[in-house]
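Enquirer: Shown below is the structure under consideration.
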Amino acid sequence: MKKLILFTSFVLILSCSTVPITERKRVNIVDDDEILPASFAQYDNFLKENALSKDAEKTRELKEVGIRISKSVDRFMRANGMTEEADKYQWEFNLVQDDQMNAWCLPGGKVVFYSGILPICENTDGIAAVMGHEIAHAFAKHGQERMTSSYGQQLGGMAVAIGTSGQNYDTQVLWNSIYGISSQIGMLAYSRTHETEADKLGMVFMTMAGYDPEEAIEVWKRMKDANKGESPPEFLSTHPSNETRIQDLQKYLPVARMNARQFGIDQ
106 MKKLILFTSF
116 VLILSCSTVP
126 ITERKRVNIV
136 DDDEILPASF
146 AQYDNFLKEN
156 ALSKDAEKTR
166 ELKEVGIRIS
176 KSVDRFMRAN
186 GMTEEADKYQ
196 WEFNLVQDDQ
206 MNAWCLPGGK
216 VVFYSGILPI
226 CENTDGIAAV
236 MGHEIAHAFA
246 KHGQERMTSS
256 YGQQLGGMAV
266 AIGTSGQNYD
276 TQVLWNSIYG
286 ISSQIGMLAY
296 SRTHETEADK
306 LGMVFMTMAG
316 YDPEEAIEVW
326 KRMKDANKGE
336 SPPEFLSTHP
346 SNETRIQDLQ
356 KYLPVARMNA
366 RQFGIDQ
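Here it is as structure tokens:
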């Protein structure tokens, strides 16, 4: 047991890295070449099983925002010694017809917006706020971190999911392992760390792409109004409360603008 603990500690030390811009220390033992094929397969399966929006104008707007922000992120990565990593992203943006107020981004840059979140976005800058947040999850490799965390808990199952990711059932296992909700409060708090980081990075990214970062604060005000106090207590949630997010983003706004100036705002 002592040898196993020492070996595990050694692996974790070797797997430590830093998230650019936020400089948060992270541990990731999941290689992109392992997770990305499964991620792309899951995305394709999702699109086959869900109806794309027929709103051509909103779809066009969504894709334009996604392309603009992802290009800013790509330029940042290539300017900061992350060219090999940048080459592995396959950015794609789709709007599906669903009343859920939701959006997500799989590892490797595969983004889905649900039509139900568009009233919360309200305008192009609002779409950019949500888009920046979702792109930030992929940029910071939050999915890979969650897999790393789950790896110790579900070692055998995760190995199967990664090794046989071409099969629909196993890609569903992978999906759940990355984005499923844990019943353990510790894991929920860990997820809040990711959400807070994505909020901050997303605000930087949307500003780099020339969008108004103050709209990110307004998005969460509208989300708070839409939830009408029905959110679970924050310590039992995978996400920070809307009020916490609003306050955090208000404090971070000048930092986001400073970082955007440092890394270059696209005009």
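Going by our numbering, the first residue of the sequence shown is number 106, and it counts up by one from there. Where is the CB? At the ideal position from N, CA and C, for every residue including glycine.
#1: Is H238 near G186, with beta carbons less than 7 Å apart?
#2: Roughly how many angstroms lie between the CA atoms of W325 and A365, to the nearest whole one?
#3: State whether the segment 186–197 contacts the segment 226–238, with contact taken as three or more CB pairs (one from each stretch) at a distance under 8 Å.
#4: Using 8 Å for Cβ pairs, my map puts F310 next to S177. What's the rounded Cβ distance?
#5: How about L152 and F218: do their beta carbons lie closer than 7 Å?
#6: So, for K159: in the same chain, excluding its five sequence neighbours on each side, which residues have a beta-carbon less than 8 Å away from its beta-carbon?
#7: Does A156 pass the burial test, meaning 16 or more other C-beta atoms within 10 Å, or should it be called exposed?
#8: Taking 8 Å as the limit between beta carbons, can you name the residues of its chain near R183, skipping five residues before and five after?
#9: Sort A314, Y316, D317 and H344 by Cα distance to M328 and report the nearest one.
#10: In angstroms, rounded to a whole number, what distance separates the CA positions of A208 and I222?
#11: Say yes only if the C-beta of F368 is nearer than 6 Å to one or more non-hydrogen atoms of the ligand SAM, and no if none qualify.
#12: On the premise that A303 lies in contact with H247, defined as a C-beta separation below 8 Å, what is that separation, rounded to the nearest angstrom?
#13: Straight-line CA distance for P338 to T349?
#14: What does C121 pair with, by DSSP beta-bridge criteria?
#15: Since S175 and G214 should fall inside the 8 Å C-beta cutoff, what is the C-beta to C-beta distance between them, to a whole number of angstroms?
#16: Tell me where the beta strand (DSSP E) around Y219 begins and ends.
#17: Check for me: the beta strand (DSSP E) holding R211 runs from which residue to which?
#18: Starting from L200 and walking both ways along the beta strand (DSSP E), at which residues does that stretch end?
#19: Leaving out the 5 sequence neighbours to the left and right, which residues in its chain are closer than 7 Å to Q355 when beta-carbon positions are compared?
#20: Which residue wins for smallest C-alpha separation from D353, given the options P125, R297, I134 and D317?
#21: With distances taken between CB atoms, is the gap from T312 to A361 smaller than 7 Å?
Expert: Taking the structure as given:
#1: Along the sequence shown, read from residue 1 onward, the residue named residue 238 stands at position 133. Along the sequence shown, read from residue 1 onward, the residue named residue 186 stands at position 81. Cβ atoms of H238 and G186: not closer than 7 Å.
#2: Taking the sequence shown and counting its residues from 1, one reaches residue 325 at position 220. Taking the sequence shown and counting its residues from 1, one reaches residue 365 at position 260. For W325 and A365, the distance between alpha carbons rounds to 21 Å.
#3: no
#4: Walking along the sequence shown from the start, residue 310 turns up at place 205. Walking along the sequence shown from the start, residue 177 turns up at place 72. With a Cβ gap of about 6 Å, F310 and S177 count as contacting.
#5: Start at 1 with the first residue of the sequence shown, and residue 152 comes out as number 47. Start at 1 with the first residue of the sequence shown, and residue 218 comes out as number 113. No, Cβ-Cβ distance for L152 and F218 is not below 7 Å.
#6: By one-based count along the sequence shown, residue 159 stands at place 54. Here the set comprises Q202.
#7: The sequence position of residue 156 within the sequence shown is 51, counting from 1. So A156 ends up on the exposed side.
#8: Numbered from its first residue, the sequence shown carries residue 183 at position 78. The beta carbon of R183 sits closer than 8 Å to those of A191, all from its chain and outside the five residues before and after it, given in chain order.
#9: Taking the sequence shown and counting its residues from 1, the one referred to as residue 328 is at position 223. When only C-alpha atoms are compared, the closest one is H344.
#10: As a first step, residue 208 is located in the sequence shown; it is residue number 103 there, counting from the start. As a first step, residue 222 is located in the sequence shown; it is residue number 117 there, counting from the start. Taking the straight line from one Cα to the other gives about 7 Å.
#11: Looking at this structure, you won't find the ligand SAM or any other ligand, since it has none at all.
#12: Position 142 of the sequence shown holds residue 247. Position 198 of the sequence shown holds residue 303. Yes, H247 and A303 are in contact; Cβ-Cβ is about 7 Å, under 8 Å.
#13: For the purposes of this step, residue 338 is taken as residue 233 along the sequence shown, with counting starting at 1. For the purposes of this step, residue 349 is taken as residue 244 along the sequence shown, with counting starting at 1. If I take the Cα positions, the gap works out to 12 Å.
#14: Taking the first residue of the sequence shown as position 1, residue 121 is located at position 16. DSSP, once it has assigned bridges, lists V132 as partnering C121.
#15: Here residue 175 refers to the residue found at position 70 of the sequence shown. Here residue 214 refers to the residue found at position 109 of the sequence shown. At roughly 7 Å, the Cβ-Cβ gap stays under 8 Å, so S175 and G214 are in contact.
#16: Numbered from its first residue, the sequence shown carries residue 219 at position 114. From DSSP, the beta strand (DSSP E) with Y219 extends over K215 to Y219.
#17: As a working mapping, residue 211 is identified with position 106 in the sequence shown. The amino acid occupying residue 211 in the given sequence is Leu; Arg does not appear at that position. It spans A208 to L211 - the beta strand (DSSP E) in which L211 sits, taken as one unbroken run.
#18: Looking up residue 200 in the sequence shown gives position 95. Here the beta strand (DSSP E) through L200 covers E197 to V201.
#19: Within the sequence shown, numbered from 1, the residue matching residue 355 stands at position 250. I322, listed in sequence order.
#20: The residue you call residue 353 lines up with position 248 of the sequence shown. The candidate whose alpha carbon is nearest that of D353 is R297.
#21: Here residue 312 refers to the residue found at position 207 when the sequence shown is read from its first residue. Here residue 361 refers to the residue found at position 256 when the sequence shown is read from its first residue. The answer is yes: Cβ separation under 7 Å.
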